[in-house]
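The next block holds one structure in the form of structure tokens; read it before the comments.
Number of protein chains: 2
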Amino acid sequence: MSEIEAFAASVLMARGMARAQAAAVAGFIAAAERDACPSHGLYRLLGMLRTIDGGKVGLTAEPTLSEPRAGIVAVDAHYGFSPLAYAVGAPLLMEKAKANGLAALVIRNCFHFSALWAEVEPLAEAGFAALAMTPSHGWVAPPGGKRPVFGTNPIAFGWPRAGKPPYVFDFATSAVARGEIELHRRAGKPVPPEWGIDADGYPTTDPAAILTTGAMSTFGGYKGAALATMVELMGAALIGDFTSLESLAFDAGVGGAPMHGEIVIAFDPAGFSRGDGPDHLGRAEGLFAAIVDQEVRLPSDRRYAARQVSLRDGVRVPENLIAEIETARDRPGV
Amino acid sequence: MSEIEAFAASVLMARGMARAQAAAVAGFIAAAERDACPSHGLYRLLGMLRTIDGGKVGLTAEPTLSEPRAGIVAVDAHYGFSPLAYAVGAPLLMEKAKANGLAALVIRNCFHFSALWAEVEPLAEAGFAALAMTPSHGWVAPPGGKRPVFGTNPIAFGWPRAGKPPYVFDFATSAVARGEIELHRRAGKPVPPEWGIDADGYPTTDPAAILTTGAMSTFGGYKGAALATMVELMGAALIGDFTSLESLAFDAGVGGAPMHGEIVIAFDPAGFSRGDGPDHLGRAEGLFAAIVDQEVRLPSDRRYAARQVSLRDGVRVPENLIAEIETARDRPGV
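Here the protein sequences come in this chain order: A and B. Using the numbering used here, the letters of the first sequence map in sequence onto residues 1081 to 1414. Using the numbering used here, the letters of the second sequence map in sequence onto residues 1081 to 1414.
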């Protein structure tokens, strides 16, 4: 366990979280720090402590697993954070994908703080293609509307590559991450008008208007809104868990992490082949070459480059962030 | 069989297509005309005749079906057009989705001319959620690049609604349909600079430059490009069929329909429920209400409204289009 993992786990255990759940969360946090994604790293502990203080987190919950169909693994997180539930379900997801060609992992009743790449990347590393979706809090309006309906609703996808880190993308179906708008508000800076709307539904450059009485916008116009809708339908309605609007209502003003479900679908390339499995990966490599030969980066290249540096030189964490987390740790409910 | 279906089938049979394949294609064409989508209607017969004249279409091919895994239906179209292969595979796809919770239909070696909504809508009408992807011809460059890699790579999704037509979206991951750029070229009109790039990779308003030495652009910047990549990986590499670049190379300048594969994934809401199946659909209806209550349309509303009119008043087809098709029918290879 790295120093970052140990610190993150100890902070959560100080608030009463059981060791197994804290260790799983800490692993996700350390991976984000390693890949230079600080917005999903230690910083998230502040929001998690706030979420815990809201009183609804299952701190000692043990995820339970069921198999409602041959192709479905269902894990109930019992209001714990998602990483332990993912760890409990992923091995059976892979087993089922191998047996059936494809399978779905459904996690229900989980608090969610992490980036989705952390859930598709291990599956792709193990040789599977994987697609993941989860709602968030209801902050994003459909184009032409003025009230929030969707969450930032990320979609993540992973694809295995022989001898290389997997192809992975993970993006919000909102125009931009909510944290990005928050940063602009704190800095007193205007935002591009595509990022959100005011209370009357008009594009605005005022981050405060977007975050309070207005709403965030989807990326890519009506197409992004269609994808955001799909994420609500697949990651909430299909699996029988909260939509983003329901998650925000459940939060009841605490400002905590979303509580809902998620779906991860895994595909076994060997199951889809006609005995020509390796050719699949070769054809994909041809596609990647056609992209990178134009000096265009693949979505996770920046993350993987940062990882190399971290593995060589270690990860530096701002001292004031550690101090802020320690203060929050020592003053529950403040 | 409607008048439109009978006409479309007769045109194709005049060129040697077997009755079953011609009837399946004609059904897709008639559905597009009924829903006021003329770009995927009778107009497509002109391109199909050109494709047939290229000499590679399996006009009398009978699709063959296999089951490589419990969750996978694989249909080889043997170079026929896709609709018959879809019709052969869809019933078993639904059966497998019921048994396993989810299942995939893979169609290989098919010429493709149709909109994907026509493939997810029947599944959603039968009570399944469905997601479909297919490559096309390599016409679309990644953002920051200057050479085509992707096709227009549509993604379609369907969701069942009790007592209503399903929620369905179907959109290209390119900024716009290629036909739209063609129309601007014919009319001598400039296009918005987001639609494509010139040979040097710069945004251009010249439709001819995009269609010849340049490339089309993806929608939504790098996020649209990520989705376009996923469509190539899932609809080509995973299933062991042509990428969009390979499809264009196979066309060898004929200007015919793409030849490749497609993947359709079906999900049975009952399999994902915890015995609360109807609640799933109720939660989805709450989501749709939150959208339409803002006077925002759902993606297929226009199509369904047009359908109502067609079912009441019939469909009007331009006489000059019929004449053009009849001329093409009677002069093979010209």
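Note that beta-carbon positions come from the ideal geometry of N, C-alpha and C, so glycine has one too.
Task: Within-8 Å CB hit, B:PHE1330 to chain A - done: Sequence index remark: in the second sequence, residue 1330 of chain B carries index 250 (1-based). Chain A, which has no Cβ nearer than 8 Å to the Cβ of B:PHE1330, makes this no.
Task: Within the segment 1244-1308 of chain B, ranges of the alpha helix (DSSP H) (whole runs, at least 4 residues) - done: 1258-1267 and 1287-1291
Open item on the list: Three or more C-beta pairs under 8 Å: does that hold for the segment 1193-1204 of chain A against the segment 1169-1182 of chain A?
Closed with: yes
Task: Proximity to A:GLU1147 [Cα-Cα], best of B:GLU1399, B:GLY1362 and B:SER1353 - done: Translated into positions along the first sequence, residue 1147 of chain A becomes position 67. If we check each option's Cα against that of A:GLU1147, B:SER1353 comes out closest.
TODO: Report the option in A:ALA1116, A:VAL1229 and A:PHE1193 whose CA atom is closest to the CA atom of B:GLU1375.
DONE: Within the second sequence, residue 1375 of chain B is the residue found at index 295, counting from 1. Minimum Cα distance to B:GLU1375 is reached at A:VAL1229.
Task: Contacts of B:ASP1359 in chain A (Cβ-Cβ under 7 Å) - done: By 1-based counting over the second sequence, the position of residue 1359 of chain B is 279. What B:ASP1359 touches in chain A: GLY1320.
- [ ] Would you mind stating whether B:LYS1303 and A:PHE1299 have Cβ atoms separated by less than 8 Å?
- [x] If you number the second sequence from 1, residue 1303 of chain B lands on position 223. If you number the first sequence from 1, residue 1299 of chain A lands on position 219. It is a contact, given that the beta carbons lie within the stated cut-off.
Open item on the list: At the level of alpha carbons, what is the spacing between B:PHE1191 and B:PHE1330?
Closed with: Along the second sequence, read from residue 1 onward, the residue named residue 1191 of chain B stands at position 111. Along the second sequence, read from residue 1 onward, the residue named residue 1330 of chain B stands at position 250. Cα to Cα, the separation comes out at about 11 Å.
Open item on the list: Cβ closer than 7 Å: which chain B residues qualify as neighbours of A:PHE1251?
Closed with: In the first sequence, the residue the question calls residue 1251 of chain A occupies position 171. The contacting residues are LYS1303 and ALA1306.
- [ ] Counting only the same chain and skipping the five closest in sequence on each side, list residues whose C-beta sits under 8 Å from that of A:VAL1311.
- [x] On the first sequence, residue 1311 of chain A is found 231 positions in, with the first residue counted as 1. So the list reads MET1213, THR1214, PRO1215, PHE1230, GLY1231, ASN1233, PRO1234, ILE1235 and THR1253, once near-sequence residues are dropped.
Open item on the list: Measuring CB atoms only, is the segment 1262-1277 of chain B touching the segment 1237-1249 of chain B, in the sense that at least three cross pairs come out at less than 8 Å?
Closed with: no
Open item on the list: Is there a Cβ of chain B sitting closer than 8 Å to that of A:PHE1087, yes or no?
Closed with: By one-based count along the first sequence, residue 1087 of chain A stands at place 7. No, its Cβ sits nowhere closer than 8 Å to a Cβ of chain B.
Task: N-terminal and C-terminal residue of the beta strand (DSSP E) that A:ALA1210 is part of - done: In the first sequence, residue 1210 of chain A corresponds to position 130, counting from 1. Taken as a continuous stretch (DSSP letters only), the beta strand (DSSP E) holding A:ALA1210 covers 1209-1213.
Open item on the list: Within 10 Å of its beta-carbon, does A:GLN1388 have 16 or more other beta-carbons around it, so buried, or fewer, so exposed?
Closed with: The residue given as residue 1388 of chain A occupies position 308 in the first sequence. Burial call: exposed.
Open item on the list: In whole angstroms, give me the CA-to-CA distance for B:ALA1089 and B:ALA1350.
Closed with: Position 9 of the second sequence, counted from the first residue, corresponds to residue 1089 of chain B. Position 270 of the second sequence, counted from the first residue, corresponds to residue 1350 of chain B. For B:ALA1089 and B:ALA1350, the distance between alpha carbons rounds to 38 Å.
Task: A:ILE1261 versus A:VAL1397, A:ALA1288 and A:ALA1305, residue with shortest Cα-Cα distance - done: Your numbering for residue 1261 of chain A matches position 181 in the first sequence. Cα-wise, what sits closest to A:ILE1261 is A:ALA1288.
TODO: Could you pull the start and end residues of the alpha helix (DSSP H) that B:THR1131 belongs to?
DONE: The residue given as residue 1131 of chain B occupies position 51 in the second sequence. From DSSP, the alpha helix (DSSP H) with B:THR1131 extends over 1124-1133.
- [ ] Please name the residue or residues paired with B:TRP1239 in a DSSP beta bridge.
- [x] Looking up residue 1239 of chain B in the second sequence gives position 159. Answer is B:TYR1247, bridged to B:TRP1239.
Open item on the list: For chain B, check one thing: does any of its Cβ atoms lie closer than 8 Å to the Cβ of A:TRP1239?
Closed with: Taking the first residue of the first sequence as position 1, residue 1239 of chain A is located at position 159. It does: the Cβ of A:TRP1239 has a partner Cβ on chain B nearer than 8 Å.
Open item on the list: Closest to A:HIS1340 by C-alpha separation, out of A:HIS1158, A:GLY1281 and A:PRO1240, would be which residue?
Closed with: Along the first sequence, read from residue 1 onward, the residue named residue 1340 of chain A stands at position 260. The option with the nearest alpha carbon to A:HIS1340 is A:HIS1158.
Open item on the list: Please give the ranges of any beta strand (DSSP E) in the segment 1177-1222 of chain A, keeping only runs that are unbroken, at least 3 residues long and fully inside the region.
Closed with: 1182-1191 and 1209-1213
TODO: With 8 Å as the threshold, decide whether the Cβ of A:VAL1376 is near any Cβ in chain B.
DONE: The sequence position of residue 1376 of chain A within the first sequence is 296, counting from 1. Closer than 8 Å: yes.
Task: Sequence-distant residues of its chain with Cβ nearer than 7 Å to A:ARG1258 (five each side left out) - done: Against the first sequence, residue 1258 of chain A aligns to sequence position 178. Same-chain partners within the cutoff: TRP1219, THR1232 and MET1296.
Task: Within-8 Å CB hit, B:PRO1232 to chain A - done: In the second sequence, counting from the first residue as 1, residue 1232 of chain B sits at position 152. Pro is not the amino acid found at residue 1232 of chain B; the sequence shown has Thr there. Chain A contact via Cβ: absent.
TODO: Label B:TYR1123 either buried or exposed according to how many other C-beta atoms from any shown protein chain fall within 10 Å of its C-beta, with 16 as the threshold for buried.
DONE: The sequence position of residue 1123 of chain B within the second sequence is 43, counting from 1. Classification of B:TYR1123: buried, given that the 10 Å Cβ count is 16 or more.
- [ ] Evaluate B:GLY1413 with the Cβ neighbour count: other Cβ atoms within 10 Å of its Cβ, from every protein chain shown; 16 or more gives buried, anything less gives exposed.
- [x] Residue mapping note: residue 1413 of chain B aligns to position 333 of the second sequence, counting from 1. Exposed is the call here.
Open item on the list: Between B:GLU1342 and chain A, is the shortest Cβ-Cβ distance under 8 Å, so that the two count as touching?
Closed with: Within the second sequence, numbered from 1, the residue matching residue 1342 of chain B stands at position 262. With 8 Å as the cut-off, B:GLU1342 does not count as an interface residue toward chain A.
Open item on the list: Quick check: the Cα distance between B:ASP1280 and B:VAL1256, rounded to an integer number of angstroms?
Closed with: Taking the second sequence and counting its residues from 1, one reaches residue 1280 of chain B at position 200. Taking the second sequence and counting its residues from 1, one reaches residue 1256 of chain B at position 176. Cα to Cα, B:ASP1280 sits roughly 20 Å from B:VAL1256.
Task: Residues near B:ALA1184 by beta carbon distance below 8 Å, same chain, minus five either side - done: Counting from 1 along the second sequence, the entry for residue 1184 of chain B is found at position 104. Closer than 8 Å at Cβ, skipping near neighbours: GLY1151, ILE1152, VAL1153, LEU1173, ILE1343, VAL1344, ILE1345 and ALA1346.
Open item on the list: Taking the straight line between their C-alpha atoms, what separation do you get for B:GLU1326 and B:ARG1227?
Closed with: Numbered from 1 along the second sequence, position 246 holds the residue referred to as residue 1326 of chain B. Numbered from 1 along the second sequence, position 147 holds the residue referred to as residue 1227 of chain B. Whole-angstrom Cα-Cα distance: 14 Å.
- [ ] Along the beta strand (DSSP E) that carries B:MET1339, what are the first and last residues, could you check?
- [x] On the second sequence, position 259 is the one that residue 1339 of chain B refers to. Looking at the DSSP string, the run of the beta strand (DSSP E) that includes B:MET1339 is 1339-1347.
Open item on the list: Just to confirm the assignment, what range does the beta strand (DSSP E) spanning A:LEU1145 have?
Closed with: As a working note, residue 1145 of chain A is residue 65 in the first sequence. From DSSP, the beta strand (DSSP E) with A:LEU1145 extends over 1144-1149.
- [ ] Using a cut-off of 7 Å between C-beta atoms, extract the partners of A:GLY1224 located in chain B.
- [x] Start at 1 with the first residue of the first sequence, and residue 1224 of chain A comes out as number 144. By Cβ distance, chain B contributes VAL1376.
TODO: Locate the alpha helix (DSSP H) running through B:ARG1088, then write down its first and last residues.
DONE: Walking along the second sequence from the start, residue 1088 of chain B turns up at place 8. Reading the sequence as shown, one finds Ala at residue 1088 of chain B and not Arg. Start and end: 1083-1094.
Open item on the list: So, with DSSP's three-state summary, where would you put A:ALA1112?
Closed with: Taking the first sequence and counting its residues from 1, one reaches residue 1112 of chain A at position 32. Helix at A:ALA1112.
- [ ] Starting from the C-beta of A:ARG1265, find all residues in its chain whose C-beta is less than 6 Å away, skip the five residues before and the five after it, and write them out in chain order.
- [x] Residue 1265 of chain A sits at position 185 when you count from the first residue of the first sequence. Answer for A:ARG1265: PRO1287 and ALA1288, listed in chain order.
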